[in-house]
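Protein chains: 2
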Amino acid sequence: MQIIPDELDRRMALFEKTLKEAGVKITHQRLEIFREVASSLNHPDAETLFRNVRKKLPTISLDTVYRALWLMVDLGLLTTLGASRDRTRFDANMESHHHFVCSVCGMTHDFYDAGFDRLPVPEKVMEIGKAESVQVRIKGICMRCMRKKEAH
Amino acid sequence: MQIIPDELDRRMALFEKTLKEAGVKITHQRLEIFREVASSLNHPDAETLFRNVRKKLPTISLDTVYRALWLMVDLGLLTTLGASRDRTRFDANMESHHHFVCSVCGMTHDFYDAGFDRLPVPEKVMEIGKAESVQVRIKGICMRCMRKKEAH
DNA sequence: TCCTAATTAGGAACTATTATTATTTAAAAA
DNA sequence: TTTTTAAATAATAATAGTTCCTAATTAGGA
Ligand SMILES: [Mn+2]
Ligand SMILES: [Mn+2]
Ligand SMILES: [Zn+2]
Ligand SMILES: [Zn+2]
Numbered sequence: 001m002q003i004i005p006d007e008l009d010r011r012m013a014l015f016e017k018t019l020k021e022a023g024v025k026i027t028h029q030r031l032e033i034f035r036e037v038a039s040s041l042n043h044p045d046a047e048t049l050f051r052n053v054r055k056k057l058p059t060i061s062l063d064t065v066y067r068a069l070w071l072m073v074d075l076g077l078l079t080t081l082g083a084s085r086d087r088t089r090f091d092a093n094m095e096s097h098h099h100f101v102c103s104v105c106g107m108t109h110d111f112y113d114a115g116f117d118r119l120p121v122p123e124k125v126m127e128i129g130k131a132e133s134v135q136v137r138i139k140g141i142c143m144r145c146m147r148k149k150e151a152h
Numbered sequence: 153m154q155i156i157p158d159e160l161d162r163r164m165a166l167f168e169k170t171l172k173e174a175g176v177k178i179t180h181q182r183l184e185i186f187r188e189v190a191s192s193l194n195h196p197d198a199e200t201l202f203r204n205v206r207k208k209l210p211t212i213s214l215d216t217v218y219r220a221l222w223l224m225v226d227l228g229l230l231t232t233l234g235a236s237r238d239r240t241r242f243d244a245n246m247e248s249h250h251h252f253v254c255s256v257c258g259m260t261h262d263f264y265d266a267g268f269d270r271l272p273v274p275e276k277v278m279e280i281g282k283a284e285s286v287q288v289r290i291k292g293i294c295m296r297c298m299r300k301k302e303a304h
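Each protein sequence line maps, in turn, to chains A and B.
Here the first sequence stands for residues 1 to 152, where the numbers follow this note's numbering.
Here the second sequence stands for residues 153 to 304, where the numbers follow this note's numbering.
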């Protein structure tokens with residue numbers, strides 16, 4: 001599963017622009033870390049990104065990967081998925097989208113739905129706080145896990 | 153914030169029934185741990201529950217709290233909220249409901265919405281897997297954090 | 001090119017969670 | 001009721017994910 005090159009280019013351009021505007025340095029490490037997460041459709045965790053980035057930058061440290069990722073989250077270039085029992089996963093897809101999460105294997109798949117994007121915030125929620133985003137998470141069993149289950 | 157006594161009784165009764173049916177022992181520890189999480193509206197974490205249960209059972213161990221909580225999750229008596237940067241939080245509210253999450257302080261508040269409960273699963277999602285539940289998460293800033301912010 | 005504040009690598013530390021094991025106990029059987 | 005025993009617990013050690021510390025390096029401005 002690879003992203004289309006044009007979209008990757010768009011993301012990389014936004015990355016450079018955003019870091020410059022924020023006045024933080026564009027280092028090799030940050031560039032390669034972002035390229036890696038921005039290329040993936042898998043919502044990878046920090047450890048996975050670390051392993052992949054190390055192929056290009058063999059001396060990079062895990063700490064740098066974490067620092068870079070949280071910086072990018074703060075800058076609005078990434079979001080995170082909290083998968084409970086699991087480690088944190090990162091998502092470079094900043095378009096309005098939703099997730100299907102497999103309750104067996106944890107696989108997390110994006111999907112788009114214009115109706116979901118425009119769900120009206122109920123009035124009673126406005127008493128709780130000021131809503132900024134609405135996201136739908138569908139839990140279920142993915143195809144692969146379903147097939148595995150059927151085959152005992 | 154306390155739960156209404158009737159609802160707590162209902163939850164406690166279901167707890168006993170569920171454990172019996174599953175053939176697992178109803179221990180003091182499990183009882184008090186469940187009572188604690190079932191009494192709360194705050195989505196507490198394991199450490200918080202541990203501290204509170206220790207008032208009644210001073211020798212209980214944190215490990216027991218975790219084991220009991222995950223058991224109850226497996227038995228369908230609790231769910232968890234994965235709050236990313238944070239520790240796991242547990243939820244004894246098993247009715248169909250949704251969450252408002254404050255992006256500043258992490259406060260997580262239940263709300264109910266019949267419309268959200270019946271959101272139709274988009275067709276394209278059926279190709280990803282078999283959906284079992286749909287939950288909406290609204291992120292934003294809670295009233296308290298908003299007031300704090302205004303007061304500089 | 002030189003300078004310097006920002007960033008990094010590496011390893012130690014920290015925190016949430018889980019495993020190990022000897023002891024205790026719930027609840028079934030007698 | 002007492003006995004029996006598999007299940008559950010407390011205490012502590014171990015893991016795993018993440019963050020902190022510090023000396024060395026570097027991006028980018030002067
Ligand atoms: Mn996504
Ligand atoms: Mn809830
Ligand atoms: Zn799966
Ligand atoms: Zn808040």
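The beta-carbon is built from N, C-alpha and C at its ideal position, and this holds for glycine as well.
Predicted, not measured: the structure shown is a model, and the values here were computed from it.
> Mind checking whether A/L49 and A/V37 have CB atoms under 7 Å apart?
Replying inline: Here residue 49 of chain A corresponds to residue number 49 of the first sequence, with the count starting at 1. Here residue 37 of chain A corresponds to residue number 37 of the first sequence, with the count starting at 1. Yes.
> How about A/R89 and A/D45: are their beta carbons less than 7 Å apart?
Replying inline: Residue 89 of chain A sits at position 89 when you count from the first residue of the first sequence. Residue 45 of chain A sits at position 45 when you count from the first residue of the first sequence. Taking 7 Å as the Cβ cut-off, A/R89 and A/D45 qualify as a contacting pair.
> For B/E168, which option in B/P157, B/Q154, B/E184, B/I155 has the closest C-alpha, if you only look at C-alpha atoms?
Replying inline: Position 16 of the second sequence, counted from the start, is the residue given in the question as residue 168 of chain B. The shortest C-alpha separation from B/E168 is found at B/E184.
>> Please list, in chain order, the chain A residues whose beta carbon lies closer than 8 Å to that of B/L171.
In response: Residue 171 of chain B sits at position 19 when you count from the first residue of the second sequence. None at all; the shortest Cβ gap to chain A is about 21 Å.
> With a cut-off of 7 Å, does the C-beta of A/D113 fall near any C-beta of chain B?
Replying inline: For the purposes of this step, residue 113 of chain A is taken as residue 113 along the first sequence, with counting starting at 1. Taking Cβ atoms only, chain B reaches closer than 7 Å to A/D113, which makes this a yes.
> So which residues of chain A does B/G292 contact, with C-beta pairs closer than 7 Å?
Replying inline: Start at 1 with the first residue of the second sequence, and residue 292 of chain B comes out as number 140. Ordered by position in chain A, the residues that pass the 7 Å Cβ test against B/G292 are G129, K130, A131, E132.
>> Given 6 Å as the limit, tell me if B/L243 has its C-beta closer than that to any heavy atom belonging to ligand 2.
In response: Mapped onto the second sequence, residue 243 of chain B falls at position 91. The residue asked about is misnamed: residue 243 of chain B is Asp in this sequence, not Leu. Yes, ligand 2 has a heavy atom inside 6 Å of this Cβ.
>> Taking DSSP's pairing of strands, which residues face A/S40 in a bridge?
In response: To locate residue 40 of chain A, count along the first sequence from 1; it is residue 40. Its beta-bridge partners are A/Q2.
> Buried or exposed: where does B/R270 fall if 16 or more other Cβ atoms within 10 Å of its Cβ makes it buried?
Replying inline: Numbered from its first residue, the second sequence carries residue 270 of chain B at position 118. With fewer than 16 other Cβ atoms within 10 Å, it is exposed.
>> Is the separation between the beta-carbon of B/G258 and that of A/K130 shorter than 7 Å?
In response: Taking the first residue of the second sequence as 1, we reach residue 258 of chain B at position 106. Taking the first residue of the first sequence as 1, we reach residue 130 of chain A at position 130. Against a cut-off of 7 Å, the Cβ pair of A/K130 and B/G258 comes out as no contact.
> Could you give the distance in angstroms between the alpha-carbon of A/D91 and the alpha-carbon of B/P157?
Replying inline: For the purposes of this step, residue 91 of chain A is taken as the residue at position 91 of the first sequence. For the purposes of this step, residue 157 of chain B is taken as the residue at position 5 of the second sequence. In a straight line, the C-alpha of A/D91 is about 42 Å away from that of B/P157.
> Using DSSP with H/G/I as helix, E/B as strand and the rest coil, what is A/V121?
Replying inline: Counting from 1 along the first sequence, the entry for residue 121 of chain A is found at position 121. Three-state DSSP puts A/V121 in coil, outside helix and strand.
> Checking contacts by CB at 7 Å: is B/P274 closer than that to chain A?
Replying inline: If you number the second sequence from 1, residue 274 of chain B lands on position 122. Yes, its Cβ sits closer than 7 Å to a Cβ of chain A.
> Got a sec? Which residues, its chain only, sit under 7 Å from B/L160 by beta carbon, not counting five neighbours each side?
Replying inline: Here residue 160 of chain B corresponds to residue number 8 of the second sequence, with the count starting at 1. These residues qualify, in order along the chain: A190, S191.
>> Counting only Cβ pairs nearer than 9 Å, list the residues of chain B close to A/L50.
In response: Start at 1 with the first residue of the first sequence, and residue 50 of chain A comes out as number 50. Checking the displayed sequence, the identity of residue 50 of chain A turns out to be Phe instead of Leu. Per Cβ cutoff of 9 Å: no residues; A/F50 is ~18 Å from chain B at best.
> Of all Cβ atoms in chain A, is any one closer than 7 Å to the Cβ of B/M295?
Replying inline: Within the second sequence, residue 295 of chain B is the residue found at index 143, counting from 1. Yes, because at least one Cβ of chain A sits closer than 7 Å to the Cβ of B/M295.
>> ligand 1 and A/D160: does the residue's C-beta get closer than 6 Å to at least one heavy atom of that ligand?
In response: Absent from the structure is residue 160 of chain A, since the part of chain A shown begins at 1 and ends at 152.
>> Just to confirm the assignment, what range does the alpha helix (DSSP H) spanning B/L365 have?
In response: With chain B covering 153 to 304 only, the question about residue 365 of chain B has no answer from this structure.
> Can the beta-carbon of A/L78 be found closer than 7 Å to that of A/A22?
Replying inline: Within the first sequence, the letter at position 78 stands for residue 78 of chain A. Within the first sequence, the letter at position 22 stands for residue 22 of chain A. No; because the gap between Cβ atoms is not below 7 Å, this pair is not in contact.
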